[in-house]
Amino acid sequence: MRKISFVFVLFLIFAVFTAQATAGILDDVKAKGYLTLGVSEGVAGFSIPDSTGRWVGFDVDIGRAVAAAVLGDAEKLKFVPLASKQKIVAVSSGQVDITSRTTTWTMKRDAKQGVDFTKIVFFDGQGFMVSKKAGVASAKELKGATVCVTAGTTTELNLADFSRANDLGMEAVVFDGKKEAWGAYASGRCDSFTTDVSQLASFRSTVADPSMHFILPEVISKEPLAPLVRHGDNQWKDIVTWVVNGLMEAEENGITAANVMEMKANSKNPVINRMLGASGDVGSFIGLDNDWLVRAIQAVGNYGEIYNRHFGPDAKLKIPRGLNKSWKDGGLHYALPIR
Ligand SMILES: N[C@@H](CCC(=O)N[C@@H](CS)C(=O)NCC(=O)O)C(=O)O
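Under my numbering, the sequence shown has 181 at position 181, and the numbering climbs by one with no breaks.
What follows is the structure, encoded as structure tokens:
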């Protein structure tokens with residue numbers, strides 16, 4: 001009797017262990033048939049519903065690429081708008097499968113808050129906006145200024161550091177959500193508004209007369225923005241990391257949404273053949289089939305196409321590529337080898 005129960009307990013331990021080892025987010029997403037994507041509460045260019053209610057933006061396209069790679073359909077997404085202070089815990093608690101939303105990769109978030117960052121999609125930095133009427137030309141002139149800021153962001157600490165380092169005695173006026181923080185600045189409650197420079201440009205593009213607001217020249221921090229996933233699911237992290245990497249590798253190799261099928265069929269380049277699944281079996285390295293990257297590129301284009309769609313010369317919100325160029329053009333994006 002005792003022997004039987006011992007064997008039974010061993011069996012139970014084995015069953016629980018193998019269930020934990022196999023039932024990851026990939027299986028979960030496949031079983032649900034969609035991906036839950038944490039996005040912002042609405043930042044033009046990054047993630048915002050368009051006039052028909054469809055979520056669009058740079059961060060949204062990253063999520064669509066993953067859905068296309070994993071589920072074969074870039075529309076199989078459920079969007080979960082998250083305020084800044086919710087964005088980390090939404091991932092660690094499993095409320096969302098990925099957050100693709102202007103989130104800075106920091107040591108504390110990565111090591112202590114139950115999330116893993118994947119690959120940097122946007123190199124940003126924090127800046128200040130002021131009304132033209134203020135007549136200020138440098139952030140160092142903001143002595144004793146009130147500055148509107150959103151809670152739960154890296155922005156708060158950077159602001160305090162900058163103020164202290166330059167002996168400015170700035171007063172942070174902290175709001176729970178971006179809408180409130182921006183609204184307070186827009187109504188004159190604060191002398192300045194601070195967040196990542198790309199978001200300053202985004203918010204400015206939404207006001208009636210953008211020329212009434214200046215983004216001051218100082219960039220006071222490094223904000224490497226990356227999609228994040230729950231800590232501990234290595235396969236899921238690999239999938240998101242390599243899909244993003246694949247979009248960058250596609251740009252480096254001239255593969256676009258328009259030519260990807262032709263490249264797959266006719267390219268003589270072994271690097272392109274491997275990444276597009278015309279040879280080898282790289283898809284299996286991350287638990288997917290060999291067309292994983294072809295589907296992602298078909299759905300949203302390569303990294304450069306995504307960037308241009310939302311921030312390029314023809315987009316409503318224009319953000320010069322700067323650090324976000326490929327390393328081949330003097331920027332910081334550097335795709336890792338797919339092999
Ligand atoms: N990159 C910074 C700031 C991120 C951020 O997105 N901050 C504000 C900007 S005010 C925000 O909440 N944005 C948009 C939203 O949720 O609607 C971080 O990771 O903490």
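Using N, Cα and C, we set each Cβ at its ideal position, and we do this for glycine too.
- By the neighbour-count definition (other C-beta atoms within 10 Å, threshold 16), Met261 is an exposed residue.
- Of the heavy atoms belonging to ligand 1, none sits nearer than 6 Å to the Cβ of Thr206.
- The way I'd put it, the segment 299 to 307 doesn't touch the segment 271 to 284; fewer than three beta-carbon pairs between them come closer than 8 Å.
- Note that the C-beta distance between Phe79 and Lys132 is not below 7 Å.
- For Ala172, no alpha helix (DSSP H) segment is defined; the enclosing uninterrupted segment is the beta strand (DSSP E) at Glu171 to Phe175.
- Relative to the non-hydrogen atoms of ligand 1, the Cβ of Ser198 never comes closer than 6 Å to any of them.
- Taking all protein chains in view, the Cβ of Leu332 is surrounded by fewer than 16 other Cβ atoms within 10 Å, so the residue is classified as exposed.
- Within 10 angstroms of the beta-carbon of Thr36 lie 16 or more other beta-carbons, which makes it buried.
- Inclusion of Trp236 and Leu26 in the CB contact set at 7 Å is warranted, their separation being smaller than that value.
- Contact between the segment 143 to 158 and the segment 241 to 252 is absent: fewer than 3 CB-CB pairs across the two stretches fall below 8 Å.
- Within the segment 100 to 147, the runs of beta strand (DSSP E) at least 3 residues long that lie entirely inside it are, in chain order, 115 to 117, 122 to 124 and 126 to 131.
- A contact is defined here as three or more CB-CB pairs under 8 Å, and the segment 162 to 182 meets this definition with respect to the segment 138 to 152.
- Listed in chain order, the alpha helix (DSSP H) elements of length 4 or more contained wholly in the segment 250 to 327 are 260 to 266, 270 to 275, 282 to 285, 292 to 300 and 303 to 311.
- The secondary-structure analysis by DSSP pairs Glu41 with nothing; it has no beta-bridge partner.
- Each of Ser202, Cys190, Lys87 and Gly114 was checked against the Cα of Lys316, and the nearest Cα belongs to Ser202.
- Secondary structure note for Thr195: its beta strand (DSSP E) is the uninterrupted segment Ser192 to Asp196.
- When only Cα atoms are considered, Arg204 and Thr195 end up about 12 Å apart.
- Lys30 and Ser192 have their C-alpha atoms spaced approximately 46 Å apart.
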